[in-house]
Amino acid sequence: MNNTYTDRFAALATSDRRLLALMSAASLVILVLGIMGGLMTALARGGFIDILNTTGYRWLTLHGVSIFFYWLFIAQAALLLGFAAIERGRGLVLKALAWLGFASILVGFGLSMVGIQQGMPLLYDGAPELARYAPRDLLVFNLGYLLLGLGLMILPLSAIATLIEPRRAGRQERLSAVGFALFTWAGFLIVSGFAAIYTFLPGTLWALGWADFPANHGTNWHIVFHNMHYLPLMATVLLWYVLIHALTGVKSVFGERFSKIVFALYLVFVPPTSLYHMFLEPDLPGVVRVVGSLLSLFVSVPTLTAFLIIVASLEVYARSQGGRGLFGWIRLLPWRHPAMSAIAVAVLSMGLGITFAFVLIQEQLAPLLSDTFFVPGYFHFFTVGTVSLTLLAALQVMLPGLGGRAAWRPELMRLLPWLAFIGLLLFGGAGVAAGYLGVPRRVMDMAYQGQAPEMWQILMATVAIGGSIMALALILFAAGVAVSLLPRRQPLSEQVGLTVDWSRHVVSPGLRAMTGPLSILVIVLAMYGFTIIGFEMMQALPATASGGGGH
Amino acid sequence: MASEKHFTTRRAFIAAMGFGGVSLYGVWAAYGAAPGPLALLGMGGHGDHGAGAGGHAAHAGHGAASGPSVEEFNRQSAAFIERYSLSDGTVHPRQMTSMPGAAEGVMDHGAMDQGAMDHSMMAHGSMAHNAVEQESAALQQEVLDVYLAAGMWYYQPNKLRLDVGQPYRFRMMAVDVSHGASIQFGQGGRMVRLRPGRLTEMEITFNEPGRYLVYCTVFCGAAHDVMQATLEVV
Chain A
13 MNNTYTDRFA
23 ALATSDRRLL
33 ALMSAASLVI
43 LVLGIMGGLM
53 TALARGGFID
63 ILNTTGYRWL
73 TLHGVSIFFY
83 WLFIAQAALL
93 LGFAAIERGR
103 GLVLKALAWL
113 GFASILVGFG
123 LSMVGIQQGM
133 PLLYDGAPEL
143 ARYAPRDLLV
153 FNLGYLLLGL
163 GLMILPLSAI
173 ATLIEPRRAG
183 RQERLSAVGF
193 ALFTWAGFLI
203 VSGFAAIYTF
213 LPGTLWALGW
223 ADFPANHGTN
233 WHIVFHNMHY
243 LPLMATVLLW
253 YVLIHALTGV
263 KSVFGERFSK
273 IVFALYLVFV
283 PPTSLYHMFL
293 EPDLPGVVRV
303 VGSLLSLFVS
313 VPTLTAFLII
323 VASLEVYARS
333 QGGRGLFGWI
343 RLLPWRHPAM
353 SAIAVAVLSM
363 GLGITFAFVL
373 IQEQLAPLLS
383 DTFFVPGYFH
393 FFTVGTVSLT
403 LLAALQVMLP
413 GLGGRAAWRP
423 ELMRLLPWLA
433 FIGLLLFGGA
443 GVAAGYLGVP
453 RRVMDMAYQG
463 QAPEMWQILM
473 ATVAIGGSIM
483 ALALILFAAG
493 VAVSLLPRRQ
503 PLSEQVGLTV
513 DWSRHVVSPG
523 LRAMTGPLSI
533 LVIVLAMYGF
543 TIIGFEMMQA
553 LPATASGGGG
563 H
Chain B
181 MASEKHFTTR
191 RAFIAAMGFG
201 GVSLYGVWAA
211 YGAAPGPLAL
221 LGMGGHGDHG
231 AGAGGHAAHA
241 GHGAASGPSV
251 EEFNRQSAAF
261 IERYSLSDGT
271 VHPRQMTSMP
281 GAAEGVMDHG
291 AMDQGAMDHS
301 MMAHGSMAHN
311 AVEQESAALQ
321 QEVLDVYLAA
331 GMWYYQPNKL
341 RLDVGQPYRF
351 RMMAVDVSHG
361 ASIQFGQGGR
371 MVRLRPGRLT
381 EMEITFNEPG
391 RYLVYCTVFC
401 GAAHDVMQAT
411 LEVV
């Protein structure tokens with residue numbers, strides 16, 4: 013099936029392939045740049061390198077801006093356009109908009125890089141108050157984000173036009189599940205672009221002297237941040253859906269309509285659940301905190317349901333192929349393909365990420381955990397383990413078709429996601445433990461003149477070691493993926509044998525699919541466990557406190 | 181081979197399992213950190229869910245009353261520091277009782293300093309001591325205000341001495357850009373965010389003596405890393 017996808021990408025017009033290849037290459041370069049920023053930050057915090065604090069914050073800003081904004085969104089845009097193009101089968105429509113959007117994002121990235129180099133590092137949220145006396149610094153920094161937002165509003169229009177063209181031309185009755193999900197994904201990107209502009213325009217206007225100081229930046233940022241880091245999860249599960257089809261030929265056994273409903277659930281459950289980022293805000297009324305916590309319980313519904321659809325479908329197909337035992341069917345999956353390893357790590361990371369995210373959504377644990385290293389500890393399971401590795405897996409499938417060169421060293425590449433996972437477990441495990449113990453995030457030197465517990469530094473050194481392993485594995489994996497873009501052409505037939513094709517086999521009725529439900533059970537039990545740890549720690553504090561509200 | 185779908189491959193089962201995370205609500209309710217099921221349904225039960233996590237009541241806002249301006253807060257904070265400063269620069273908020281014969285209203289440094297009082301000076305068992313202890317116990321039930329100003333890159337005061345069992349109301353404000361304050365107890369902490377010009381209040385009673393670090397939790401610029409204070413609980 014991978015050949016089928018590869019062939020479909022290879023069959024695109026040269027101009028389409030050139031655009032997709034350029035976007036993919038840009039995203040990978042930015043990914044590596046962002047990883048370097050993160051690596052330097054982790055090494056500085058871990059005490060392995062000695063740099064000025066301001067330099068450390070600049071590295072941290074580079075890390076956050078590059079990864080969170082540009083890598084995630086350029087890679088998403090490239091994959092959206094690519095899969096939309098092959099979904100239509102005849103390439104991209106309104107290609108000029110795609111180029112325009114990409115150009116806008118690239119110029120935005122350039123401005124963001126300039127903004128990072130000058131003045132006070134603003135971290136990735138660009139708080140205007142830190143540039144109160146240097147509005148020009150904020151102006152350049154914000155213009156980068158505004159152009160990114162503009163690009164994200166323009167570029168997906170090409171994908172939407174591409175997806176609906178067959179219907180308009182009368183060649184298609186309705187969108188497939190994948191087409192529907194791609195359509196929704198494009199919509200999310202447009203909304204993300206608009207949200208970025210909404211958040212960063214007031215600061216830009218203030219920096220130009222055309223508006224008052226944006227006092228509400230913090231609130232707007234939290235809402236945008238929530239949606240921008242949960243909506244890529246929708247892209248992730250969609251890509252799992254597509255990639256599993258590419259690697260095994262398996263489609264959902266629950267039907268396309270059910271998949272469409274689940275993809276649409278992201279629209280229902282993600283936007284209203286942004287309140288938990290604001291639980292420490294002094295002006296948030298108590299009732300809003302409670303409602304926010306309760307709403308946040310639903311944030312995982314679409315992701316877990318989509319996960320169950322994919323795993324159950326895979327399991328019954330694998331059992332039809334002779335897979336035996338509770339988990340023995342997993343051995344039949346196409347593990348020779350690096351994308352399969354990446355997806356497996358992504359699924360495991362998703363389980364861990366959701367587990368820890370659900371500790372944070374309880375408003376009464378916010379005073380214990382919210383601004384600690386618990387946050388980067390948990391969200392790297394999402395950003396790196398789940399989303400980034402899925403995007404890389406998808407690029408691993410798309411790029412050989414675009415560049416005409418077979419995937420590089422699959423026997424080595426398939427090990428790298430697991431190496432990254434080892435690093436991630438060290439990073440995330442130590443980070444979450446550090447969070448429970450109160451280690452702050454966004455600090456380069458957490459010794460506090462000898463007043464901080466010694467354990468803090470040990471945990472941060474572990475985070476740095478884990479981060480270094482993770483960084484090395486990811487850079488190698490990204491480089492291996494990028495090799496497929498090199499011009500030397502090799503026969504794509506080299507990729508035959510990396511995948512399996514179960515699409516022609518009829519699924520036997522009555523087969524059970526226990527792995528998904530058991531996974532959910534484990535995740536839920538882990539949520540209970542880590543939440544209880546939080547409550548018990550709160551109870552054990554040698555002080556009784558209430559309040560934190562503001563006037 | 182069965183001819184019907186196994187229940188694990190039915191849509192309803194998959195959809196229900198997707199809501200698995202929602203069951204965490206049970207843990208929250210058990211710890212009193214969320215309204216009980218009956219309260220949610222409006223059928224009684226206690227609506228007071230604020231006592232979760234062992235008395236750590238929900239940090240609800242304290243109403244919409246307007247707080248002091250930054251200038252006013254700075255004045256209050258300076259008066260607080262002047263009133264309770266010890267000779268080593270530590271600020272020790274405490275109940276003060278007038279010395280016999282002291283003029284009413286002249287409470288400052290002429291007042292009996294309970295915190296600085298050397299307990300060895302008092303003979304245990306003496307009636308005078310008992311009377312003072314009773315008065316002291318009564319006074320300790322009152323909440324004492326503690327002012328904490330957060331600026332780039334300092335807390336003022338940056339060294340506080342507090343008493344075990346004495347309830348305090350921390351009145352905090354960021355006086356320039358956003359800051360935060362986390363009291364670290366070695367294994368876990370308690371934090372608040374402070375927005376510029378907005379008064380934030382937190383009531384806290386320390387149950388154990390110790391020396392606790394306070395640090396800023398919101399990135400506030402180049403010297404964010406050194407923004408710290410010390411609480412010495414005795």
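Protein chains in written order, with my numbering: chain A, 13 to 563; chain B, 181 to 414.
Even glycine gets a Cβ: it sits at the ideal position worked out from N, Cα and C.
Using 7 Å as the threshold, is the C-beta distance between residue i and residue j below it?
i, j, result
"D356(B)", "M332(B)", "yes"
"M482(A)", "A432(A)", "yes"
"A223(A)", "P147(A)", "no"
"L601(A)", "A87(A)", "Nothing about residue 601(A) can be read from this structure; chain A reaches only from 13 to 563."
"F386(A)", "G365(A)", "no"
"R100(A)", "P178(A)", "yes"
"A369(A)", "L401(A)", "no"
"L449(A)", "T474(A)", "no"
"S332(A)", "S264(A)", "no"
In whole angstroms, what separates the C-alpha of residue i from that of residue j?
i, j, result
"F266(A)", "T315(A)", "16 Å"
"V323(B)", "Y348(B)", "5 Å"
"M467(A)", "G366(B)", "9 Å"
"G182(A)", "A276(A)", "25 Å"
"V328(A)", "Y390(A)", "32 Å"
"A22(A)", "T174(A)", "17 Å"
"D343(B)", "A329(B)", "20 Å"
"S36(A)", "L51(A)", "22 Å"
"G241(B)", "V299(A)", "For G241(B), the predicted model reports a pLDDT of 39, less than 50, meaning its position is unreliable and no value from the coordinates is stated."
State the DSSP-derived secondary structure class of residue i, mapped to helix, strand or coil.
i, result
"E381(B)", "strand"
"E262(B)", "helix"
"G101(A)", "coil"
"T66(A)", "helix"
"S267(B)", "coil"
"D325(B)", "strand"
"A296(B)", "Low local confidence applies: a pLDDT of 40 at A296(B) is under 50, so the model's placement there is unreliable, with the coordinate-based value given in what follows. Correct three-state label for A296(B): coil."
"R391(B)", "strand"
"K185(B)", "coil"
"Q275(B)", "coil"
"Y136(A)", "coil"
"P11(A)", "Nothing about residue 11(A) can be reported from this structure: the residues present for chain A run from 13 to 563 only."
"V406(B)", "helix"
"V512(A)", "coil"
Is there a Cβ from chain A that is less than 7 Å from the Cβ of residue i?
i, result
"D343(B)", "no"
"L340(B)", "no"
"V271(B)", "no"
"Q367(B)", "yes"
"D405(B)", "yes"
"N387(B)", "yes"
"A457(B)", "Outside the displayed range of chain B (181 to 414) lies residue 457(B), so it cannot be described from this structure."
Distance cutoff 7 Å, beta carbons only. Does residue i sit that close to anything in chain B?
i, result
"A446(A)", "no"
"M549(A)", "yes"
"Y540(A)", "yes"
"V371(A)", "no"
"D457(A)", "yes"
"A466(A)", "Strictly speaking, residue 466(A) in this sequence is Glu, with Ala absent from that position. No - not a single Cβ of chain B is within 7 Å of the one on E466(A)."
"R148(A)", "no"
"T18(A)", "no"
"P379(A)", "yes"
"P429(A)", "no"
"D62(A)", "no"
If residue i and residue j are in contact, beta carbons under 8 Å, what's the gap, nearest whole angstrom?
i, j, result
"L164(A)", "G205(A)", "3 Å"
"M352(A)", "L259(A)", "6 Å"
"V493(A)", "Q551(A)", "Contact doesn't hold; Cβ gap of about 48 Å is too wide."
"L160(A)", "G120(A)", "4 Å"
"L428(A)", "L338(A)", "No, L428(A) and L338(A) are not in contact; Cβ-Cβ is about 28 Å, not under 8 Å."
"M132(A)", "G360(B)", "Rounded, the Cβ-Cβ distance is 18 Å, inconsistent with contact."
For the ligand SAH, is there a heavy atom less than 6 Å away from the beta-carbon of residue i?
i, result
"M526(A)", "Inclusion of the ligand SAH in the displayed structure is not the case, the ligand content being empty and no account of it being possible."
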